[in-house]
Amino acid sequence: MDPARAHELIEGERERIKELLTYSAAERAADLEAAADARTSVSDSASPLAQELLDDAVAEQLSARLAALDRASERLRAGIYGVSLRSGRPIPDERLEADPAAELLVDEVG
Numbered sequence: 016m017d018p019a020r021a022h023e024l025i026e027g028e029r030e031r032i033k034e035l036l037t038y039s040a041a042e043r044a045a046d047l048e049a050a051a052d053a054r055t056s057v058s059d060s061a062s063p064l065a066q067e068l069l070d071d072a073v074a075e076q077l078s079a080r081l082a083a084l085d086r087a088s089e090r091l092r093a094g095i096y097g098v099s100l101r102s103g104r105p106i107p108d109e110r111l112e113a114d115p116a117a118e119l120l121v122d123e124v125g
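This note's numbering numbers the first residue of the sequence shown as 16 and each following residue consecutively.
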């Protein structure tokens with residue numbers, strides 16, 4: 016894959032993930048406020064806790080995705096972007112278009 020295209024894909028995905036993290040943080044703040052309000056009324060206290068755990072899981076996944084994109088950027092700078100970390104074989108451009116942080120071939124995942 017052309018390095019300029021790879022950079023464009025990685026940075027585009029990074030911006031998308033950052034927007035999702037910002038949105039997630041705003042949702043978490045709203046959920047915490049709603050949980051505080053719920054404590055003052057008679058309601059199910061498990062629901063806010065469940066939502067908080069879900070929010071934490073989403074934020075953790077988004078942060079992991081950013082870390083994967085950081086690794087992809089490092090591989091691009093090192094000149095080894097688009098090569099499987101496991102086998103050393105080239106990752107098809109179609110896979111990199113779909114997932115710019117791909118580190119393995121499809122048949123190596125799992």
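A virtual CB, placed ideally from N, CA and C, is assigned to each residue, including glycine. Just so you know, these numbers come straight off a predicted model, no measurement behind them.
Asked, Found
"In this structure, how does DSSP classify residue 105 when only helix, strand and coil are distinguished?", "strand"
"For residue 98, list the residues DSSP reports as bridge partners.", "105"
"Suppose the cutoff is 8 Å on Cβ atoms and the five residues either side in sequence are ignored; what does the same chain contact list for residue 23 look like?", "none"
"Out of curiosity, what's the CA-to-CA distance linking residue 81 and residue 70?", "17 Å"
"Have a look at residue 102 and residue 45 and give me their C-alpha separation to the nearest angstrom.", "45 Å"
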